[in-house]
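If you use mature numbering (1 follows the signal peptide of the UniProt record, and there is no 0), the sequence shown corresponds to residues -25 to -1, 1 to 467, in order.
See below for the structure under consideration.
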Amino acid sequence: MQRRRLMQWGAALALSPWMIRSARADTAQAAHGAELAGASMPGAQALGMPSGGALPEGLRLPLERKDGVWQGCLTAAPLNLPLLPGGKPTAFWAYNDSVPGPAIELFEGETLALRFENRLPQPTTVHWHGLPIPADQDGNPHDAVQPGQAREYRFTLPPGSAGTYWYHPHPHGHTAEQVYRGLAGVFVVKSRSDPLAHLPERWLVLSDLKLDGDGQIAANSEADRMDGREGQFVLVNGAWQPRMTLGMGERQRWRVWNATSARVLKLALPAHEVWLVGTDGGLIERPRRMEYVLLPPGARVELAVTGRFAPGRPSGLLALPYARGKMMGPEQDKALPLLGIEAGAAVATAALPRRLGRVAALPKPAVRRRVAFSEDMANPAAMFLINGQTFDMDRVDFIGKVGQVEEWEIDNQADMDHPFHLHGTQFQVTERHDGKGWKKEPYLAWRDVVNVPPEQKVRLRFRQELPGPRMFHCHILEHEDAGMMGVLDVRA
Ligand code: C2O
Ligand code: CU
Ligand code: CU
């Protein structure tokens, strides 16, 4: 039963009986090689992970409408999958026995009431990443659900919130582990007046899987805790290098999530025509032609992708090389093939409207604040800092006001990229400083994550419409757990 449900999402898991077949014999050698390379994990080859299955489609969370409210159940629980024939099953943690978790899709204005049950051996919360919902429903680390306990998450999706979101645990100090063990799912808010409703949709959830030589989910190494965890496998909807078909000339709307702990994904489709149409919090004003899209951990994009299949150009989805200033592990110096794309029959290309939505520029701020990221490698107890401090659940870092426009300058004084994330609202990046000078952001967009490379700065504006404590943090989950997080308390 558990098996069957998983297969609907994860071909990686469906394929997994063989994925570790050759692991045993190669482990000793691979582990040795990996040690020399400074990482303690066997290579993908050594593990014998099969690739190339069909792109899995998402499993939806069953919801039932009662008295105008969508009701459903979400359970976080261990899930043992027999990956190795005759071997010990692999222990995942999953929402409703599915990796990734079941997808939730609702319209603006609708209300969700979800009964959540924690069957994990540790406290957890469910955080609704990016959604403008009340703070006490947003899975703050302060509101942990203890093992064996349940609670209801209930919220209404306000008008204008159509966009591409996700949900994941956010307990104090254990977010990274709970996510890399398999807890994360996607949440899409639709609009009744959607200029792209005519395009067929594809949802691509990019995640990272790191296995040890026994086919178990590996614990974090020291390098993972410093750099942020990277595994051997970047998965797409739970499958490794799956394949899909795209018609010649066919235009599709893709939603792409970076649900990895730490990878900055420089996504490219070299053969095809790609337009950026939306960011984390919804559509941008006009499509923008893209050569690649930089997607930091936690961020999402909407793309209009048209199948062109240029001869001599790779037809699949790639993550191009990107150096993010890692301290211990090697940088990504090769393009990673993420998804294979085969040419289908010719299809008439659907129109791409010139105007998509309206993103009204936020007015002049009433408050300005500075958020400086820094690293202190000499202090293992407090390595990743915001304004010189590590996270304290009982401390309020900033006091804000409902409805007031704030402008924050995120200043990365550290050596690695740190993707900034804020809860409870979407922001607009206004300017970026590349180390030489300030540059005005070329277009308006709603975001809740922005990557800040070392020695660079970003200015952004936002308004919180609801009161309560809101986290802001680096979305490299190991850095967040290590304390690179603060609290903005929004008061009425
Ligand atoms: Cu996606 Cu505070 O998190
Ligand atoms: Cu969040
Ligand atoms: Cu960081």
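Every residue gets a Cβ at the ideal spot worked out from N, C-alpha and C, and that includes glycine.
Under the three-state reduction of DSSP, which class applies to residue i: helix, strand or coil?
{"i": "alanine 467", "result": "coil"}
{"i": "methionine 201", "result": "helix"}
{"i": "valine 371", "result": "coil"}
{"i": "alanine 117", "result": "Inspection of the sequence shows that residue 117 is occupied by histidine rather than by alanine. Looking at histidine 117 - three-state DSSP - the assignment turns out to be helix."}
{"i": "residue 496", "result": "The structure shown has nothing for residue 496, since the chain only spans -25 to 467."}
{"i": "leucine 30", "result": "coil"}
{"i": "tryptophan 154", "result": "Note on identity: in this sequence residue 154 is valine, with tryptophan being the wrong assignment. In the structure shown, valine 154 sits in a helix (DSSP, three-state: H, G or I)."}
{"i": "leucine 452", "result": "helix"}
{"i": "glutamine 46", "result": "strand"}
{"i": "aspartate 183", "result": "strand"}
{"i": "residue 473", "result": "There is no way to answer for residue 473, as the model of the chain reaches only from -25 to 467."}
{"i": "glutamine 379", "result": "coil"}
{"i": "leucine 132", "result": "coil"}
{"i": "aspartate 386", "result": "strand"}
{"i": "glutamine 227", "result": "strand"}
{"i": "alanine 234", "result": "coil"}
{"i": "alanine 110", "result": "helix"}
{"i": "leucine 22", "result": "helix"}
{"i": "alanine 457", "result": "coil"}
{"i": "arginine 167", "result": "coil"}
{"i": "glycine 213", "result": "coil"}
{"i": "arginine 35", "result": "strand"}
{"i": "glycine 222", "result": "strand"}
{"i": "residue 511", "result": "For the chain, the structure presents residues -25 to 467; residue 511 sits outside this window and is missing."}
{"i": "proline 262", "result": "strand"}
{"i": "methionine 16", "result": "coil"}
{"i": "glutamate 85", "result": "coil"}
{"i": "arginine 177", "result": "strand"}
For residue i, which beta-bridge partners are listed by DSSP?
{"i": "histidine 143", "result": "His102"}
{"i": "phenylalanine 402", "result": "Arg422 and Phe437"}
{"i": "residue 542", "result": "Residue 542 lies beyond the residue range present for the chain, which begins at -25 and ends at 467; the question has no answer from this structure."}
{"i": "proline 75", "result": "Per DSSP, none; premise fails for proline 75."}
{"i": "histidine 408", "result": "Trp413 and Lys432"}
{"i": "phenylalanine 91", "result": "Leu49 and Arg126"}
{"i": "valine 268", "result": "Leu242"}
{"i": "valine 161", "result": "Trp141"}
{"i": "lysine 41", "result": "Val44"}
{"i": "proline 444", "result": "Asp464"}
{"i": "glycine 257", "result": "Thr254"}
{"i": "alanine 285", "result": "None, per the DSSP bridge assignment."}
{"i": "alanine 66", "result": "Asn55"}
How close, in whole Å, do the beta carbons of residue i and residue j come, if the pair is a contact with beta carbons under 8 Å?
{"i": "asparagine 212", "j": "proline 77", "result": "The Cβ separation is near 12 Å, so there is no contact."}
{"i": "threonine 400", "j": "glutamate 416", "result": "Going by Cβ atoms, the distance from threonine 400 to glutamate 416 rounds to 18 Å, so no, they are not a contact pair."}
{"i": "arginine 230", "j": "glutamate 306", "result": "No, arginine 230 and glutamate 306 are not in contact; Cβ-Cβ is about 28 Å, not under 8 Å."}
{"i": "leucine 311", "j": "valine 209", "result": "6 Å"}
{"i": "residue 472", "j": "tyrosine 128", "result": "The requested residue 472 does not occur in the structure, where the chain is confined to residues -25 to 467."}
{"i": "threonine 254", "j": "arginine 422", "result": "5 Å"}
{"i": "alanine 285", "j": "alanine 246", "result": "5 Å"}
{"i": "glutamate 197", "j": "methionine 303", "result": "7 Å"}
{"i": "glutamine 207", "j": "alanine 66", "result": "So it is not a contact: roughly 18 Å between Cβ atoms."}
{"i": "leucine 186", "j": "leucine 22", "result": "6 Å"}
{"i": "histidine 104", "j": "proline 444", "result": "Not confirmed; about 16 Å, so no contact."}
{"i": "alanine 325", "j": "leucine 174", "result": "6 Å"}
Would you say residue i lies against chain C (beta-carbon separation less than 9 Å)?
{"i": "threonine 405", "result": "Of the chains in the structure shown, none is chain C; there is only one protein chain."}
Inter-stretch contact at 8 Å, needing at least 3 Cβ pairs: the region 130 to 143 / the region 226 to 242
Yes: at least three Cβ pairs fall under 8 Å.
Is the region 375 to 383 close to the region 432 to 441, with three or more CB pairs under 8 Å?
By the Cβ test, the region 375 to 383 is in contact with the region 432 to 441, since at least three Cβ pairs between them sit closer than 8 Å.
Count Cβ pairs between the region 21 to 40 and the region 78 to 86 that sit closer than 8 Å; are there 3 or more?
In short, these stretches touch, since the Cβ pair count reaches three.
Please determine if the region 337 to 352 and the region 252 to 265 are in contact, where contact requires at least 3 C-beta pairs separated by less than 8 Å.
Inter-segment contact for the region 337 to 352 and the region 252 to 265 is absent: fewer than three beta-carbon pairs are separated by less than 8 Å.
Contiguous beta strand (DSSP E) assignments of at least 3 residues, all confined to the region 288 to 374:
DSSP runs (the beta strand (DSSP E)) wholly in the region 288 to 374: 292 to 295, 311 to 321, 342 to 350 and 359 to 361.
Touch test, the region 151 to 160 against the region 450 to 459, Cβ-Cβ under 8 Å, three pairs minimum:
They touch, by the three-pair rule.
Quick check: the region 96 to 106 against the region 114 to 126, are at least 3 beta-carbon pairs closer than 8 Å?
Two segments are said to touch when three or more pairs of C-beta atoms, one from each, lie closer than 8 Å; by this definition the region 114 to 126 touches the region 96 to 106.
Looking at C-beta atoms only, is the number of pairs between the region 423 to 431 and the region 455 to 462 that lie closer than 8 Å three or more?
Too few Cβ pairs lie closer than 8 Å, so no.
Just checking, does the region 310 to 330 make contact with the region 345 to 365 on the three C-beta pairs under 8 Å criterion?
The region 310 to 330 vs the region 345 to 365: no contact.
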